[in-house]
Every structure is written in structure tokens, then in C-alpha cells.
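Numbering (the numbering used here), first residue to last: 4 to 476.
C-beta: ideal position from N, C-alpha, C; glycine also.
Now the structure itself:
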């Protein structure tokens with residue numbers, strides 16, 4: 004069977020199963036709701052009937068206690084009175100009787116009974132058989148509640164019956180609506196399955212075209228890689244010669260040259276180096292995008308990496324009259340990285356900072372641990388900065404930011420920042436850039452904690468040696 008048709012059949016089965024589960028769940032929910040309401044109504048009836056019963060028993064106990072020759076002890080009469088008391092607070096405060104309190108008449112009646120019992124407490128506690136006046140006070144206070152509670156109990160029973168009848172009608176109506184909904188859903192599911200079958204046939208055609216396009220794209224990618232590799236070889240070889248010979252001519256190795264020719268030789272060398280840098284950046288970026296760069300990772304000292312990067316931009320510092328201030332935190336762990344690639348990243352960021360900084364300004368180069376246990380190398384410049392839109396352009400391959408004719412710098416390739424970002428992602432790190440127009444730019448190389456490494460020395464009689472501990476998580 005075709006895979007798509009199999010998926011459609013599975014989807015149809017899932018839909019039908021969902022309808023069945025929905026139907027059973029809905030009926031179950033209705034039944035549970037019905038049972039809950041009926042049980043609650045029955046509970047209300049039981050609570051009120053118990054209160055009425057205890058009131059009747061209390062009145063009977065008081066009456067028996069007052070009879071001449073009665074042997075009913077005062078303690079037993081008080082016990083019956085306390086049982087009546089025990090039925091009152093749950094009705095007024097318990098969560099299970101909240102539904103009862105929603106009936107104003109019931110709530111008012113039980114509240115009045117509570118106040119009456121509070122008033123009768125001292126009278127009942129000190130009651131003796133010969134005190135006819137006290138007996139009459141108790142009976143006159145409690146007898147009205149007997150009729151009120153009997154009437155309310157009957158009312159609850161009547162309401163419960165009416166509620167159950169109305170609720171059964173509601174359940175029947177909902178059941179009919181549910182049956183109609185199930186039929187509609189079933190018809191919709193059948194229609195959807197039919198549409199999916201038609202769509203599946205169309206998708207098969209589209210997938211065939213997509214496979215063909217993918218094959219063409221792969222062939223184009225291979226052709227691009229082959230072209231770049233050939234271009235690398237074909238262009239680098241003559242460029243190396245051009246740069247070398249123009250350098251010799253500029254230095255007048257073979258003899259003096261007219262000043263104008265010497266100037267031309269310098270321009271040729273500079274242009275050749277710029278073109279070679281462009282070729283190298285294009286090749287590196289292409290490899291990074293294709294995930295074909297293999298990192299030669301090893302453990303290196305962060306200070307040594309920064310010092311090497313500073314030496315590589317020494318010529319730019321003289322050209323632009325910019326001073327680099329280095330601030331490296333103490334006791335930094337070493338990092339396990341591809342040193343050449345990290346130096347390339349630092350040099351790219353330093354070069355940008357130097358070129359876009361005004362003469363006589365400072366570029367701050369710092370290295371410090373991050374809060375998560377990693378490492379950060381940051382380059383702060385005092386240039387004109389970039390807006391959010393400028394930063395988006397700068398992060399695109401060949402993106403060039405023009406700050407106006409008053410800023411003099413050599414034209415770049417527009418590949419530096421994208422290449423740095425790609426190299427950092429290969430290390431599992433990130434490039435973060437924050438810039439404010441008129442205040443400068445801060446570029447940070449963030450290395451994850453797993454690249455942080457600490458050395459320790461093993462001491463012992465058998466000798467000593469250096470080992471590594473990876474401190475990252």
C-alpha cells in the first residue's frame with residue numbers, strides 16, 4: 004500500500020477513535036453530573052431532616068424532664084440539647100452545605116435557631132424540674148422552629164423531585180444534540196479522508212518535482228564547491244607571485260625605482276592582499292555554511308591567543324593611530340578551541356574596531372569568565388556605532404555599512420562578521436554585538452562552559468605530570 008494512503012487510513016482510524024472517545028466521555032460526564040446533583044439534593048434533604056429530628060427529640064426530652072415523677076436525668080436532657088447544637092454549625096459553615104445556604108429562607112432559619120440556642124444555653128444548663136417558667140420559655144422558643152424546619156424539609160424534597168425531572172429533560176436534550184454532533188463529525192471525517200486521498204495524489208506529484216529540484220540543487224552545490232576549490236588554486240597561485248614581486252619592487256630589492264613606480268608597486272601589493280583576503284574569506288564562509296570546516300581543537304591559553312591577535316593587527320594600529328588597551332581577568336581557565344580560527348575571529352573584530360575608531364582613540368580588549376562558567380572575549384571601540392538596521396546589514400554576507408565621507412577606512416569584504424559568527428557557532432559559542440550610534444560598539448565572543456579547561460599537577464613519589472580537568476558542564 005502507498006505510504007501516504009497508509010497514513011490517511013491511520014488518520015481516519017484516529018479520527019473515528021477520537022469520535023468514539025468523545026461520545027463515551029460526553030455520556031459519562033453527563034451521567035456523573037446527574038449523579039452528583041442527585042446525591043447533593045439527597046444530602047440536603049438528609050441534613051435538614053436530621054436537624055428537624057434532633058429538634059423534635061430535644062423538645063421531647065425537655066417535656067419528659069419537666070413531667071412530675073420523671074426519672075430522666077438532667078445530664079441526658081443536656082446531651083440531647085448538645086446533639087441539636089452539633090447539627091447547626093455544619094449547615095452554616097461547612098463546604099458541603101454551601102448549596103443549602105444559597106436558599107435564603109433556610110440560611111435565615113438556621114441562623115435564627117443558632118441565636119435562639121445561644122440565648123437558651125444558660126437556661127438549659129441551670130434548668131430544674133420545678134421551674135415551670137423556664138420550661139415554658141424553652142418550649143416557646145423552640146416550637147416555632149419545628150414547624151419551620153418541617154416545612155423547609157418538605158420544600159427541599161419537592162424541589163429535589165422537580166430538579167431531577169428538569170435535569171433528566173436536560174440530559175435527554177443534550178444527548179440528542181450529542182448524537183447529532185457525532186453524526187456531523189463522522190460525515191466531516193469521511194469528507195476529510197476523501198479530500199486527503201485526493202491531496203495525497205497531488206502531493207506525490209509535488210514530491211517528485213521536489214526530488215528533482217533537490218537533485219539539481221545538490222548538483223549546483225557540488226559545482227559551486229568544485230568551482231571555489233579550482234578558483235582557490237587558480238587565483239591564489241598568481242596572486243602570491245603578484246604580491247611577492249610587487250613587495251620586492253616596493254622595497255627596491257633589485258635596484259632603485261622612480262618614486263611613482265614605487266608607489267604603484269605598493270598599490271599593487273595592497274590590492275593583491277585585499278583580493279587574497281577576499282578569496283580566503285569567501286572560501287571559509289562557503290565551507291562554514293556547508294559544515295565542511297573541521298576544527299583542530301586543542302587546549303590553549305587565552306592570554307596567548309590575545310597576544311598573537313594583537314601582533315597581527317600591529318600594522319593597523321600604526322596606520323590609524325589607535326591604541327589597544329588589554330584587560331585580562333586573573334586566573335582564567337584555558338579553552339579547548341581551534342587556535343587559528345579563534346585568532347582569526349579576534350583579528351577580524353579588532354580590525355573592524357581599529358578601522359572605525361577615530362584617530363587617537365582607544366580600543367578596549369577584555370577577557371573574563373561568564374556567569375555560566377564559560378569565557379568571553381570582548382572588543383569595545385569608540386567609533387560612531389551602528390543602529391539596529393545597520394547591524395542587520397553588517398551581519399549579512401557582503402554587507403557594507405557606510406558612515407559618511409568623514410570616516411576613513413579601507414574597504415572590507417563584508418564577510419568578517421558573518422565568518423566570525425559561523426566560526427563561533429562551530430565551537431558551540433556565539434557572537435554578541437551591541438552598538439549605540441554615537442557611542443561605539445561592543446563585540447563579544449562567548450565560549451560555552453564545556454570548553455573551559457583547568458590544569459592541575461599530580462604530585463607523588465612516582466613523579467609528577469600535568470593533566471587537564473574540563474570544568475564546563
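Listed in chain order, the non-local C-beta contacts of residue 420 below 6 Å within the same chain comprise 397 and 398, local neighbours out to five positions each way being set aside. Closest in C-alpha terms to residue 156, from the list 283, 425, 184 and 52, comes 52. For residue 60, the CB contacts under 6 Å within the same chain, skipping 5 residues up- and downstream, are 83 in chain order.
Within the same chain, and ignoring the five residues on either side of residue 141 in sequence, the residues whose Cβ sits closer than 8 Å to its Cβ are 65, 123, 126, 127 and 130. Beyond the five residues adjoining it in sequence on each side, residue 271 comes within less than 6 Å, by CB distance, of 249 in the same chain, given in chain order.
Straight-line spacing of the CA atoms in residue 430 and residue 187 works out to 56 Å. Taking C-alpha positions only, residue 438 is separated from residue 326 by approximately 20 Å.
By the CB criterion at 9 Å, residue 349 and residue 309 fall inside the cutoff. Each residue's CA atom was taken as its position, placing residue 78 and residue 91 some 21 Å apart.
Secondary-structure assignment with DSSP links residue 63 through no beta bridge to anything. For residue 263 against residue 253, the beta-carbon gap comes to about 12 Å, at or over 8 Å, which does not count as contact.
Among the bridge pairs identified by DSSP, residue 283 is matched with none.
Nearest Cα to residue 381 within the set 257, 297, 328 and 75: 328. Going by beta carbons, residue 379 and residue 298 fall outside the 9 Å limit. DSSP places residue 48 within a helical segment (H, G or I) once states are collapsed to three.
Rounded to whole angstroms, the gap between the alpha carbons of residue 73 and residue 63 is 13 Å. DSSP places residue 369 inside the beta strand (DSSP E), whose first and last residues are 365-372. Between the beta-carbon of residue 357 and that of residue 302 there is about 29 Å, and that puts the pair past the 8 Å contact cut.
About 16 Å separates the beta carbons of residue 385 and residue 354, which is beyond the 8 Å limit, so they are not a contact pair.
Check the Cα spacing between residue 435 and each of 205, 426, 446 and 401: the tightest is with 446. Excluding five sequence positions before and after residue 442, the CB atoms of its chain that fall closer than 7 Å to its own CB belong to 388, given in chain order. Residue 443 is bridged by DSSP to 439. Counting along the chain, the unbroken beta strand (DSSP E) around residue 383 starts and ends at 378-383. Selection 98, 80, 146 and 134 evaluated against residue 112 yields 146 as nearest (Cα-Cα). Here residue 307 is exposed, its C-beta having fewer than 16 other C-beta atoms within 10 Å. In the three-state reduction of the DSSP assignment, residue 330 falls in the strand class. For the pair residue 314 and residue 208, the Cα-to-Cα distance works out to about 60 Å. With respect to residue 275, residue 245 sits close: the two C-beta atoms are nearer than 9 Å. The residues 64, 67 and 68, in chain order, have a CB closer than 8 Å to that of residue 75 in the same chain once the five nearest residues on each side in sequence are set aside.
Between residue 280 and residue 323 the beta-carbon gap is near 17 Å, outside 8 Å, which marks them as no contact. In this structure, 456 is the residue among 367, 424 and 456 with its C-alpha nearest to the C-alpha of residue 338. Here residue 94 is buried, its C-beta having at least 16 other C-beta atoms within 10 Å.
Looking at 223, 296, 178 and 243, the one whose alpha-carbon comes closest to that of residue 28 is 178. The three-state secondary structure of residue 316, taken from DSSP, is coil.
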